[in-house]
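J.: Sharing a structure here in structure tokens format.
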Amino acid sequence: MERVDGQRDPVEDLARAARIVILAEEAYDITDTLASRPSSYEEQLALLARLAVKVYKDLESFYNKGEGERVEEALKRLKYMAANLEKLFRYLRCVEAEGGEKLLNREVRRLAALSLAPDYHALSVREILWG
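Each position in the sequence shown, counted from 1, maps to that position plus 787 in the numbering used here.
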């Protein structure tokens, strides 16, 4: 995903991994809080990161049991989550500095919405983990 300036969109990049975690762990409270209290984004993303570690470990065990093809992309997305979180935090600090709290809140809410929208990989992970 590219922004108008040719750079990757850090909100979309993180949401690609976040939706796997949100759907696998039914962690809708995180996205609900991001949407209703965007100022708490650091705390909520810390919770998301902790859950990502759990989901990664769960998926690794399925990978080793022969589900490699189905979980490979999800594992890849989760491997890059730390780097994508760093980029997102930098981006959100810049957004707030340049556009204020209103623009920051909009971007955090966009992250919440994109993190809820399931895709093929997130649905596959949920099917594998939940049976």
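Glycine included, every Cβ here is placed at the ideal spot set by N, Cα and C.
1) Let's test the definition: count the other Cβ atoms within 10 Å of the Cβ of N851 and tell me whether it reaches 16, buried, or not, exposed.
2) Just to confirm before moving on: does the CB-CB distance between L891 and A811 stay below 7 Å?
3) Are the CB atoms of L821 and Q831 nearer to each other than 7 Å?
4) Cα separation between E888 and I817?
5) DSSP state of R803, grouped into three classes?
6) Quick check on the DSSP output: the alpha helix (DSSP H) that includes D816 runs from which residue to which?
7) Would you please state the rounded distance, in angstroms, between the beta carbons of I807 and A909? I believe it to be under 8 Å.
8) Using 10 angstroms around the beta-carbon of D800, count the other beta-carbons present and answer buried if the total reaches 16, otherwise exposed.
9) Rounded to whole angstroms, what's the CA-CA distance from V842 to L901? Just pull it up for me.
10) Is it buried or exposed, D906, if we count other Cβ atoms within 10 angstroms and call 16 or more buried?
T.: The relevant details are as follows:
1) One-based indexing of the sequence shown puts residue 851 at position 64. Classification of N851: exposed, given that the 10 Å Cβ count is below 16.
2) Start at 1 with the first residue of the sequence shown, and residue 891 comes out as number 104. Start at 1 with the first residue of the sequence shown, and residue 811 comes out as number 24. It is not a contact, given that the beta carbons lie outside the stated cut-off.
3) Indexing the sequence shown from 1 puts residue 821 at position 34. Indexing the sequence shown from 1 puts residue 831 at position 44. If you check the CB distance, L821 and Q831 come in under 7 Å.
4) If you number the sequence shown from 1, residue 888 lands on position 101. If you number the sequence shown from 1, residue 817 lands on position 30. C-alpha separation (whole angstroms): 20 Å.
5) As a first step, residue 803 must be located in the sequence shown, where it is residue number 16. R803: helix per DSSP, three-state reduction.
6) Along the sequence shown, one-based indexing puts residue 816 at 29. 815-823 is the span of the alpha helix (DSSP H), which, as asked, contains D816.
7) As a position in the sequence shown, residue 807 is number 20, starting the count at 1. As a position in the sequence shown, residue 909 is number 122, starting the count at 1. Your pair I807 and A909 checks out as a contact, with CB atoms roughly 5 Å apart and the cut at 8 Å.
8) For the purposes of this step, residue 800 is identified with residue 13 of the sequence shown, where counting begins at 1. It counts as buried.
9) Counting from one through the sequence shown, the residue named residue 842 turns up at place 55. Counting from one through the sequence shown, the residue named residue 901 turns up at place 114. About 19 Å.
10) For the purposes of this step, residue 906 is identified with residue 119 of the sequence shown, where counting begins at 1. Its Cβ having fewer than 16 others within 10 Å, D906 is exposed.
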